[in-house]
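J.: One structure is given below, represented as structure tokens, and several questions about it will come after.
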Amino acid sequence: MAWDSIRGHDGPRSQLAQAVQAGRLAHAYLFVGPEGIGKHRFATELAKTVLCEASPGPMRACDRCPACIQVQAHTHPDCFSVRRAEDKNELDVDTMREFCHRLALKSTRGSRKVGIVEEADEFNVNSANSFLKPLEEPPAGSLLILLATSLERQLPTILSRCQVVHFSPLTPEDVRAVLLAHGVQDPQRLNHLVRLSGGSPGRALALHEESFWSFRQTLLEALTAPRPDAVGLAATWIKFAEEAGKQGPAQRRRTVLAIGMLIELLQTALRVAFGNDAEAPDPMNAPEAERLRPFAERLGVDSIADNLEACLEAERQIERYLQIGLVLEGLLNKLFPLPVPQRSR
Amino acid sequence: MKVSCLRENLLTACQMVNSAVAARTTRPILANIKAIAQEDMLILMATDLEIGIRYELRGVKVSRTGMAILPPGRLISILRETTDEDITLDVDGETTRIRLSTGRYEMPGGFPDEFPDLPPFDASGRHHELTAGTLRTLIRRTAFAAERKESTRWAVTGILWEAEGEQARLVATDTKRLAITEGPATIHGEADAQTQSHLVPAKAIQLLDKNLNDDGELIRVSLKTNEAIFQTERALIHTKLVEGRFPPYRDIIPKKHAVQLPISVSELLVRVRQAAIMTDAETKRVDFHFEMGRVVLAARGPETGSSEVEMRLPEYTGPVIDIAFDPAYLIEMLRAIEGEPTTILEMTDGMKPAVFRVGENYLYLVMPLAG
Numbered sequence: 250m251a252w253d254s255i256r257g258h259d260g261p262r263s264q265l266a267q268a269v270q271a272g273r274l275a276h277a278y279l280f281v282g283p284e285g286i287g288k289h290r291f292a293t294e295l296a297k298t299v300l301c302e303a304s305p306g307p308m309r310a311c312d313r314c315p316a317c318i319q320v321q322a323h324t325h326p327d328c329f330s331v332r333r334a335e336d337k338n339e340l341d342v343d344t345m346r347e348f349c350h351r352l353a354l355k356s357t358r359g360s361r362k363v364g365i366v367e368e369a370d371e372f373n374v375n376s377a378n379s380f381l382k383p384l385e386e387p388p389a390g391s392l393l394i395l396l397a398t399s400l401e402r403q404l405p406t407i408l409s410r411c412q413v414v415h416f417s418p419l420t421p422e423d424v425r426a427v428l429l430a431h432g433v434q435d436p437q438r439l440n441h442l443v444r445l446s447g448g449s450p451g452r453a454l455a456l457h458e459e460s461f462w463s464f465r466q467t468l469l470e471a472l473t474a475p476r477p478d479a480v481g482l483a484a485t486w487i488k489f490a491e492e493a494g495k496q497g498p499a500q501r502r503r504t505v506l507a508i509g510m511l512i513e514l515l516q517t518a519l520r521v522a523f524g525n526d527a528e529a530p531d532p533m534n535a536p537e538a539e540r541l542r543p544f545a546e547r548l549g550v551d552s553i554a555d556n557l558e559a560c561l562e563a564e565r566q567i568e569r570y571l572q573i574g575l576v577l578e579g580l581l582n583k584l585f586p587l588p589v590p591q592r593s594r
Numbered sequence: 181m182k183v184s185c186l187r188e189n190l191l192t193a194c195q196m197v198n199s200a201v202a203a204r205t206t207r208p209i210l211a212n213i214k215a216i217a218q219e220d221m222l223i224l225m226a227t228d229l230e231i232g233i234r235y236e237l238r239g240v241k242v243s244r245t246g247m248a249i250l251p252p253g254r255l256i257s258i259l260r261e262t263t264d265e266d267i268t269l270d271v272d273g274e275t276t277r278i279r280l281s282t283g284r285y286e287m288p289g290g291f292p293d294e295f296p297d298l299p300p301f302d303a304s305g306r307h308h309e310l311t312a313g314t315l316r317t318l319i320r321r322t323a324f325a326a327e328r329k330e331s332t333r334w335a336v337t338g339i340l341w342e343a344e345g346e347q348a349r350l351v352a353t354d355t356k357r358l359a360i361t362e363g364p365a366t367i368h369g370e371a372d373a374q375t376q377s378h379l380v381p382a383k384a385i386q387l388l389d390k391n392l393n394d395d396g397e398l399i400r401v402s403l404k405t406n407e408a409i410f411q412t413e414r415a416l417i418h419t420k421l422v423e424g425r426f427p428p429y430r431d432i433i434p435k436k437h438a439v440q441l442p443i444s445v446s447e448l449l450v451r452v453r454q455a456a457i458m459t460d461a462e463t464k465r466v467d468f469h470f471e472m473g474r475v476v477l478a479a480r481g482p483e484t485g486s487s488e489v490e491m492r493l494p495e496y497t498g499p500v501i502d503i504a505f506d507p508a509y510l511i512e513m514l515r516a517i518e519g520e521p522t523t524i525l526e527m528t529d530g531m532k533p534a535v536f537r538v539g540e541n542y543l544y545l546v547m548p549l550a551g
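Going down the list, the sequences are from chains A and B. Heads up, the first sequence is in my numbering, so the first residue is 250 and it goes up one at a time. Heads up, the second sequence is in my numbering, so the first residue is 181 and it goes up one at a time.
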């Protein structure tokens with residue numbers, strides 16, 4: 250059963266199973282949880298369960314009937330999803346109207362249909378408003394699933410019309426299993442990815458790419474260099490982000506992932522500065538910790554914590570669509586300040 | 181596949197099919213048309229999963245049968261930019277080649293098998309037939325009245341299609357006006373056990389309208405629970421139906437009226453347009469003052485000024501009635517029945533709906549503006 254291939258998320262599963270069993274499946278659910286933890290997979294399974302034409306039992310799908318196969322292949326006429334256009338930062342009103350129009354047509358195969366809004370974080374006010382009425386009273390037999398990363402990013406009007414289902418990050422064991430299933434074999438890399446993932450296999454898999462690791466090396470060298478070149482590093486970083494292609498969202502994503510690697514390096518340094526590097530979660534990285542020691546000792550706990558703060562701030566700024574170049578230059582200037590000449594009194 | 185045909189015919193066929201091609205789609209193959217070359221005809225297909233069309237182009241020379249995926253935009257441009265009389269499509273694997281007297285084109289294709297199929301017309305089930313001439317009139321007189329904005333009142337964005345007795349009936353409303361028209365039809369097959377309403381999306385009606393040719397051509401219509409299929413001489417159009425309950429339109433047609441008055445269609449159209457010149461986006465209102473022997477139409481806007489237009493009604497002997505309409509609602513209807521000499525106007529007072537009738541078969545109800 251494909252349901253069984255979903256790791257974790259037992260809470261949401263039993264919550265929905267109870268609703269299905271009681272015949273009280275709501276018409277709209279908001280799935281909230283970090284990116285890359287399998288919300289979309291879960292939504293697809295739920296769609297299958299609802300649309301399955303040979304259901305072996307409540308909250309189960311047969312995975313063999315045409316309906317299940319079509320949902321899996323994204324070709325089911327009554328299961329449709331919406332996401333923003335690749336070059337757009339928002340889910341715009343035209344896209345949403347088209348989605349509502351499809352919702353307003355009768356279903357093809359049976360009496361039910363499932364609509365999935367993949368990026369409910371990205372509504373703008375207009376598109377959200379155009380969606381309120383269908384969200385409140387969708388046509389009979391429809392199920393709407395909205396996928397979001399945080400409750401704060403939802404408009405109250407959307408929030409009040411959905412039942413919220415919380416998804417938590419996966420446990421390290423589950424992330425490890427998912428990565429193994431995706432063919433990550435090198436044990437050192439595996440450990441490292443699990444630690445970087447923060448419970449999100451999607452994030453770990455995005456990082457499982459050679460260019461990230463060579464870039465990480467660049468970051469490490471910059472941190473340990475006696476005279477770091479902030480300007481040069483910013484240029485390298487911007488170039489690295491642009492390798493994602495021309496689209497802004499992809500570039501931002503790549504930048505944020507790279508900031509995640511910088512954060513991890515700074516965390517190691519912080520641990521060294523505290524002097525408890527012996528308890529590092531990944532003892533194999535001891536040589537790296539050793540390389541970071543001079544940096545850690547030079548800056549001290551407080552400065553490293555400030556730098557971490559700056560990284561988080563940069564992440565937030567990028568999510569708010571600030572220009573990547575500006576954010577990175579600001580961040581790196583803060584990390585590697587030019588020596589200020591001592592002023593004599 | 182390899183097919184030769186008249187350029188003009190192929191261009192018409194492509195343009196016809198192109199209106200069903202998906203504009204925005206997550207499935208790239210739907211942005212294309214599928215071509216199937218059979219013994220003596222070329223079939224072109226397009227669908228956006230809501231509306232689909234299958235168009236048969238006859239009178240073509242097929243040297244090699246087969247299937248192809250063609251990009252409609254560029255294909256239409258190629259056909260439009262040349263003056264060659266005949267054109268040859270040569271599809272080999274995934275590559276389409278077009279050779280002209282002045283050049284040649286090569287386009288990549290896709291996998292024809294991935295393209296979704298359209299269900300065939302099922303002549304054994306319940307369906308009805310009407311002539312293209314009748315259908316064209318039915319569509320012309322109702323489709324304009326459906327809600328055109330992207331509305332959340334889904335049901336009224338569609339056009340209600342009914343067939344019973346010897347009649348086919350189309351009904352459209354945007355809740356401020358209502359158009360009902362009937363035309364002769366032949367019904368085949370047993371009626372379904374449960375009656376249900378069939379709401380056809382406006383886009384499908386437009387596509388159907390475009391595909392009507394000679395007045396005498398027979399059009400077959402099959403209305404199913406979730407879909408409708410139209411078969412014209414050359415094209416098969418498949419559409420999903422709109423969800424929702426159409427308003428119970430029979431209940432709002434007034435049974436009684438104080439005044440029944442024949443009016444010349446062409447003259448009323450001219451007068452309403454004359455009066456409407458002085459409306460603006462804010463007002464959109466023409467006041468009608470009916471009195472013995474005449475009606476005075478007046479409009480004014482804060483910046484545009486005011487107009488007063490008189491129309492003689494020698495037959496009118498009834499009471500004085502003041503009633504106001506949105507001129508666009510009258511003009512659209514009067515254009516749709518252009519060619520008819522007169523329409524019968526029924527009304528009671530300035531607060532109750534007014535009804536325009538043409539013969540037994542057409543009724544247009546419009547709500548007056550208040551105040």
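Beta carbons are placed, not taken as given, at the ideal position from N, Cα and C, and that holds for glycine.
For chain B, find out if any of its Cβ atoms is closer than 9 Å to the Cβ of L352(A); answer yes or no.
T.: Translated into the one-based positions of the first sequence, residue 352(A) becomes position 103. Chain B, which has a Cβ nearer than 9 Å to the Cβ of L352(A), makes this yes.
J.: Name, please, each residue of chain A whose Cβ falls closer than 7 Å to the Cβ of T353(B).
T.: As a working note, residue 353(B) is residue 173 in the second sequence. Near T353(B) there are no residues of chain A at all, since even the closest Cβ is about 16 Å away, more than 7 Å.
J.: Just by C-beta distance, which residues in the stretch 408-439 of chain B are closer than 8 Å to chain A?
T.: K420, L421, V422, E423, G424
J.: Apart from the five residues on each side of it in sequence, which residues of its chain come closer than 8 Å, Cβ to Cβ, to E540(B)?
T.: As a working note, residue 540(B) is residue 360 in the second sequence. So the qualifying residues of the chain are E362.
J.: Taking Cβ to Cβ, would you say N212(B) is nearer than 9 Å to V201(B)?
T.: Numbered from its first residue, the second sequence carries residue 212(B) at position 32. Numbered from its first residue, the second sequence carries residue 201(B) at position 21. For N212(B) and V201(B), yes; Cβs fall inside 9 Å.
J.: For the candidate residues G481(A), V550(A), P450(A), L381(A), whose alpha-carbon lies nearest to that of K288(A)?
T.: What you label residue 288(A) is simply residue 39 of the first sequence in a count that begins at 1. Ranking the options by Cα distance to K288(A), first place goes to P450(A).
J.: Between L482(A) and A471(A), what straight-line distance do the alpha-carbon atoms span, to the nearest angstrom?
T.: Stepping through the first sequence from its first residue, residue 482(A) is reached at position 233. Stepping through the first sequence from its first residue, residue 471(A) is reached at position 222. Near 8 Å, if we compare the C-alpha coordinates of A471(A) and L482(A).
J.: For the candidate residues L340(B), I511(B), G424(B), L398(B), whose alpha-carbon lies nearest to that of T412(B)?
T.: The sequence position of residue 412(B) within the second sequence is 232, counting from 1. Among L340(B), I511(B), G424(B), L398(B), the Cα nearest to that of T412(B) is on L398(B).
J.: Please tell me whether S243(B) and S184(B) are closer than 9 Å, where the distance is taken between their beta carbons.
T.: To locate residue 243(B), count along the second sequence from 1; it is residue 63. To locate residue 184(B), count along the second sequence from 1; it is residue 4. Against a cut-off of 9 Å, the Cβ pair of S184(B) and S243(B) comes out as a contact.
J.: Do you know whose CA, among K382(A), L400(A), L352(A), N378(A), lies nearest D370(A)'s CA?
T.: Position 121 of the first sequence, counted from the start, is the residue given in the question as residue 370(A). Ranking the options by Cα distance to D370(A), first place goes to L400(A).
J.: Taking CB distances under 9 Å as the criterion, tell me whether N406(B) reaches chain A.
T.: Position 226 of the second sequence holds residue 406(B). At least one chain A Cβ lies under 9 Å of N406(B).
J.: Find the residues of chain B that neighbour L355(A), judging by a C-beta separation of less than 8 Å, and give them in chain order.
T.: The count along the first sequence starts at 1 and reaches residue 355(A) at position 106. The amino acid at residue 355(A) is misidentified as Leu; the sequence shows Lys. Ordered by position in chain B, the residues that pass the 8 Å Cβ test against K355(A) are T405, N406, E407, K420, L421, V422, E423.
J.: Could you please tell me which residues of the stretch 201-218 of chain B, in chain order, have their CB closer than 8 Å to any CB of chain A?
T.: Listed by position along the chain: R204, T206, R207.
J.: Is the CB-CB distance between T357(A) and V320(A) below 9 Å?
T.: Residue numbering aside, residue 357(A) sits at position 108 when the first sequence is read from its first letter. Residue numbering aside, residue 320(A) sits at position 71 when the first sequence is read from its first letter. Not a contact, by the Cβ cut-off of 9 Å.
J.: With a threshold of 16 other CB atoms inside 10 Å of the CB of Q376(B), please say whether the residue is buried or exposed.
T.: Taking the first residue of the second sequence as 1, we reach residue 376(B) at position 196. The residue in question, Q376(B), is exposed, as its Cβ has fewer than 16 Cβ neighbours within 10 Å.
J.: Cβ of E490(B) within 9 Å of Cβ of L477(B)?
T.: By one-based count along the second sequence, residue 490(B) stands at place 310. By one-based count along the second sequence, residue 477(B) stands at place 297. Between E490(B) and L477(B), the C-beta gap is smaller than 9 Å, which places the two residues in contact.
J.: According to the Cβ coordinates, are L259(B) and I249(B) closer than 9 Å?
T.: The residue given as residue 259(B) occupies position 79 in the second sequence. The residue given as residue 249(B) occupies position 69 in the second sequence. Contact: no.
J.: List, in order along the chain, the chain B residues whose C-beta lies closer than 8 Å to that of E347(A)?
T.: What you label residue 347(A) is simply residue 98 of the first sequence in a count that begins at 1. Neighbours of E347(A) across chain B, judged by C-beta separation under 8 Å: R204.
J.: Out of curiosity, what's the CA-to-CA distance linking I567(A) and T324(A)?
T.: Looking up residue 567(A) in the first sequence gives position 318. Looking up residue 324(A) in the first sequence gives position 75. Those two C-alpha atoms are separated by around 34 Å.
J.: How far does the beta strand (DSSP E) with D555(A) in it extend, from its first residue to its last?
T.: Reading the first sequence from its first residue, position 306 is the one you call residue 555(A). Note, D555(A): premise wrong, no beta strand (DSSP E); alpha helix (DSSP H) at 535-568.
J.: Taking Cβ positions only, does A518(A) come closer than 9 Å to chain B?
T.: The residue you call residue 518(A) lines up with position 269 of the first sequence. It does not; no Cβ of chain B falls within 9 Å.
J.: With H, G and I counted as helix, E and B as strand and the rest as coil, what does DSSP make of Q270(A)?
T.: Taking the first residue of the first sequence as 1, we reach residue 270(A) at position 21. If DSSP states are grouped into helix, strand and coil, Q270(A) belongs with the helices.
J.: Do you know offhand how far G345(B)'s Cα is from D259(A)'s?
T.: Residue mapping note: residue 345(B) aligns to position 165 of the second sequence, counting from 1. Residue mapping note: residue 259(A) aligns to position 10 of the first sequence, counting from 1. The alpha-carbon of G345(B) is positioned some 58 Å away from that of D259(A).
J.: Just checking my contact of I209(B) with G289(B) at CB under 8 Å: how many whole Å lie between their CB atoms?
T.: Along the second sequence, read from residue 1 onward, the residue named residue 209(B) stands at position 29. Along the second sequence, read from residue 1 onward, the residue named residue 289(B) stands at position 109. Actually they are not in contact, since the Cβ atoms of I209(B) and G289(B) sit about 10 Å apart, beyond 8 Å.
J.: Quick check for students: name the residue ranges of the alpha helix (DSSP H) that lie wholly in the stretch 296-358 of chain A, counting only runs of 4 or more.
T.: 315-321, 342-353
J.: At which residues does the alpha helix (DSSP H) containing R503(A) begin and terminate?
T.: As a working note, residue 503(A) is residue 254 in the first sequence. Taken as a continuous stretch (DSSP letters only), the alpha helix (DSSP H) holding R503(A) covers 497-523.
J.: What does the alpha-carbon distance come out to for the pair I433(B) and E447(B)?
T.: The count along the second sequence starts at 1 and reaches residue 433(B) at position 253. The count along the second sequence starts at 1 and reaches residue 447(B) at position 267. So the alpha carbons of these two residues sit roughly 26 Å apart.
J.: Which class does I256(B) belong to by DSSP, given the choice of helix, strand or coil?
T.: Within the second sequence, the letter at position 76 stands for residue 256(B). The answer is helix: DSSP assigns I256(B) an H, G or I state.
J.: Output the boundary residues of the beta strand (DSSP E) element that contains F470(B).
T.: Numbered from its first residue, the second sequence carries residue 470(B) at position 290. Bounds of the beta strand (DSSP E) holding F470(B) are 466-471.
J.: Give me the chain B residues within the contact set of P498(A), using Cβ-Cβ distance strictly less than 8 Å, ordered along the chain.
T.: Within the first sequence, numbered from 1, the residue matching residue 498(A) stands at position 249. Residues of chain B passing the Cβ test: none, with the nearest at roughly 16 Å.
J.: Would you mind telling me which residues of chain A sit closer than 7 Å to L229(B), beta carbon to beta carbon, in chain order?
T.: Counting from one through the second sequence, the residue named residue 229(B) turns up at place 49. Neighbours of L229(B) on chain A, chain order: P326.
J.: Output yes if chain B places a C-beta closer than 9 Å to the C-beta of P383(A); else output no.
T.: On the first sequence, residue 383(A) is found 134 positions in, with the first residue counted as 1. Interface residue, yes.
J.: Would you mind telling me which residues of chain B sit closer than 9 Å to P388(A), beta carbon to beta carbon, in chain order?
T.: Working through the first sequence from its first residue, we reach residue 388(A) at position 139. Chain order gives the chain B residues near P388(A) as W334, E423, G424, where near means a beta carbon separation below 9 Å.
J.: Relative to the alpha-carbon of V197(B), which residue among A323(B), T205(B), G253(B) has its alpha-carbon at the smallest distance?
T.: In the second sequence, residue 197(B) corresponds to position 17, counting from 1. Ranking the options by Cα distance to V197(B), first place goes to G253(B).
J.: Whose CA, out of G305(B), E274(B), H307(B), lies closest to the CA of D293(B)?
T.: Taking the second sequence and counting its residues from 1, one reaches residue 293(B) at position 113. The shortest C-alpha separation from D293(B) is found at E274(B).
J.: Do R351(A) and L300(A) have their C-beta atoms within less than 9 Å of each other?
T.: As a working note, residue 351(A) is residue 102 in the first sequence. As a working note, residue 300(A) is residue 51 in the first sequence. No, the pair does not count as a contact, with Cβ atoms beyond the cut-off.
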